[in-house]
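Asks: Sequential numbering of the sequence shown, starting at 1, is according to my numbering. Ideal Cβ positions, reconstructed from N, Cα and C, are used throughout, including at glycine.
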Amino acid sequence: MFKRNRPRVENTNENYAKCLCYTERCPTYNQSSLAGGLFCARGRSEKTLEKKGCVCPSCPVWAECKLNGVFFCAYGAAQ
Ligand code: SF4
């Protein structure tokens, strides 16, 4: 069976710089105590959050890595 030997999204400064989570565009992030970003690579937040919307599908990392999930901050890194 095929097994991925690299993470779906690399945890790099370059990808972090492209992340939209911590910009004013994400309503979930802005209305919570979330910190950091690049949840698609780094995994879910330990913070409790209320999902208000997700900007991940508008993110260049999402497109470049051909992701199809949302709310990585709540559900964890892209698989
Ligand atoms: S896909 Fe979402 S979690 Fe990943 S870098 Fe973009 S905005 Fe951040």
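Is Leu38 near the ligand SF4, with its Cβ less than 7 Å from a heavy atom?
Replies: Answer for Leu38: yes, Cβ within range of the ligand SF4.
Asks: Under the three-state reduction of DSSP, which class applies to Arg8: helix, strand or coil?
Replies: In the structure shown, Arg8 sits in coil (DSSP, three-state: anything other than H, G, I, E or B).
Asks: Looking at Val70 and Cys59, is the spacing between their C-beta atoms short of 8 Å?
Replies: It is not a contact, given that the beta carbons lie outside the stated cut-off.
Asks: Could you say which of Lys52, Thr28, Leu38 and Tyr75 lies nearest to Val9 if we only look at CA atoms?
Replies: Per the Cα distances, Leu38.
Asks: Measure from the alpha carbon of Lys51 to the alpha carbon of each residue in Cys73, Trp62 and Glu64, then state which is nearest.
Replies: It is Cys73 whose Cα lies nearest to the Cα of Lys51.
Asks: Return the CA-CA distance between Ala63 and Ala17, expressed in angstroms with no decimal places.
Replies: Computed Cα separation, rounded: 15 Å.
Asks: My output table needs one value for Val61: the three-state DSSP class, helix, strand or coil.
Replies: Looking at Val61 - three-state DSSP - the assignment turns out to be helix.
Asks: Since Thr48 is in the alpha helix (DSSP H), which residue starts that stretch and which ends it?
Replies: Looking at the DSSP string, Thr48 is not in any alpha helix (DSSP H), and its letter there is neither H nor E.
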